[in-house]
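Numbering (my numbering), first residue to last: 303 to 562. Glycine included, each C-beta is placed from N, C-alpha and C at the ideal position.
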Ligand SMILES: Nc1ncnc2c1ncn2[C@@H]1O[C@H](COP(=O)(O)OP(=O)(O)OP(=O)(O)O)[C@@H](O)[C@H]1O
Ligand SMILES: [Mg+2]
């Protein structure tokens with residue numbers, strides 16, 4: 303693995319009496335494409351919420367791109383180069399796709415951006431952002447919907463716009479929470495391939511939550527981290543995961559999980 307872009311050490315998160323994350327540790331390298339999977343309620347989204355600063359951790363450390371990010375605010379963590387998407391896509395429905403891309407990612411708004419926009423050369427910056435937005439749409443192969451209202455998009459297109467909005471901040475690291483949930487099979491695979499090629503072409507590290515084990519095993523990720531009940535059950539290459547009897551018992555054995 304390359305030098306870790308994300309390092310999580312002994313992370314614990316408790317909600318009252320519930321220990322949602324129980325001392326997990328893992329690393330993701332720069333340019334790596336890693337899947338985070340596990341049954342419903344096992345703590346995947348909470349892990350993202352703690353890494354991205356949305357929730358305070360109960361204990362443990364988070365390092366982002368070499369900096370200690372523990373206890374920082376979401377916008378400070380975003381300034382370190384880490385951006386995230388949310389499990390439930392939320393776009394400005396009455397704005398066009400391109401307008402949505404020009405709005406900073408939800409809950410990661412940095413006051414610095416407002417200051418930058420108020421500077422005298424803001425028009426030049428606006429033109430640059432517009433050109434960046436069109437480039438992002440090209441990368442995601444959705445340039446044809448640039449001027450459509452977000453309310454007119456399909457679920458899959460909305461997911462792509464959400465990822466596009468995350469890419470607008472030129473992140474060095476992306477946390478994607480179920481980017482293809484509810485997206486039809488072939489399009490979901492296509493999105494995954496596009497994400498994978500972005501890790502290579504832009505050197506972005508990505509940690510991607512996916513609830514469907516079959517899907518993640520079929521797609522080309524570098525490594526998979528399997529969570530169960532707040533802990534890491536196993537991590538390894540797709541081949542190693544496939545051969546693990548612990549994972550098969552705890553996860554693949556459940557017909558409910560496989561059918562989702
Ligand atoms: N803000 C919160 N307050 C109280 N409990 C919470 C909170 N967020 C999550 N939890 C609980 O923590 C546990 C882990 O939830 P989390 O959303 O992280 O799971 P998940 O793995 O993302 O599940 P899913 O696959 O359904 O998205 C669950 O029992 C959930 O009810
Ligand atoms: Mg979740």
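- Looking only at DSSP bridge pairs, what is residue 589 linked to? The chain is shown only over 303 to 562; residue 589 falls outside these bounds and no answer can be derived.
- Task: State the Cα-Cα distance for the pair residue 356 and residue 386, rounded to the nearest angstrom.
- Result: 11 Å
- Endpoints, the alpha helix (DSSP H) within which residue 568 is located: Absent from the model: residue 568. The displayed extent of the chain is 303 to 562, so no value can be given.
- Query: Where in the stretch 445-505 do unbroken runs of the alpha helix (DSSP H), each at least 4 residues long, occur, reported from the N-terminal end onward?
  - Reply: 457-469 and 487-504
- Message: What would DSSP say about residue 388, mapped onto helix, strand or coil?
- Response: Coil, per DSSP.
- Item | residue 323 beta carbon less than 8 Å from that of residue 532 | yes
- Message: Whole angstroms are fine: how far does the CA of residue 484 sit from the CA of residue 461?
- Response: Roughly 9 Å separates the two Cα atoms.
- Query: Does DSSP put residue 361 in a helix, in a strand, or in coil?
  - Reply: strand
- Message: To the nearest angstrom, how far is the alpha carbon of residue 317 from that of residue 429?
- Response: If you draw a straight line from the Cα of residue 317 to the Cα of residue 429, it comes to about 45 Å.
- Straight-line gap, residue 332 to residue 505 (C-alpha atoms, nearest Å): 7 Å
- Query: Taking the alpha carbon of residue 496 as the point to measure from, which residue in 311, 438, 453 and 540 has its own alpha carbon closest?
  - Reply: 438
- Please go through the same chain and pick out, in chain order, the residues whose beta-carbon is closer than 7 Å to the beta-carbon of residue 351, but skip the five residues on each side of it. Short of 7 Å from the beta carbon of residue 351, and not among the five residues preceding or following it, lie these beta carbons of its own chain, in chain order: 357.
- Near residue 498, which residues of its chain fall below 7 Å by C-beta distance, leaving aside the five closest residues on each side in sequence? 335 and 522
- Item | Pocket of ligand 2 defined by Cβ to heavy atom distance under 7 Å | 346, 347, 389, 479, 480 and 511
- Task: Return the bridge partner residues of residue 314 from the DSSP annotation.
- Result: 324 and 361, per the DSSP bridge assignment.
- Are residue 433 and residue 384 touching if we call contact CB-CB under 8 Å? no
- Between residue 480 and residue 389, which are expected to be in contact by the criterion C-beta below 8 Å, what is the C-beta distance as a whole number of angstroms? 5 Å
- Message: If you follow the beta strand (DSSP E) that residue 537 is in, where does it begin and where does it stop?
- Response: Membership of residue 537 in the beta strand (DSSP E) is indicated by the continuous run 533-538.
- Task: Run the CB neighbour count on residue 472, radius 10 Å, all protein chains shown included, and call it buried at 16 or more, exposed below.
- Result: exposed
- Query: So the alpha helix (DSSP H) residue 516 belongs to, where does it begin and stop?
  - Reply: 515-520
- Task: Evaluate the contact criterion for the stretch 542-549 versus the stretch 363-378: three or more CB pairs, one atom per stretch, below 8 Å.
- Result: no
- Item | Top-ranked residue by Cα proximity to residue 535, from 398, 327 and 435 | 327
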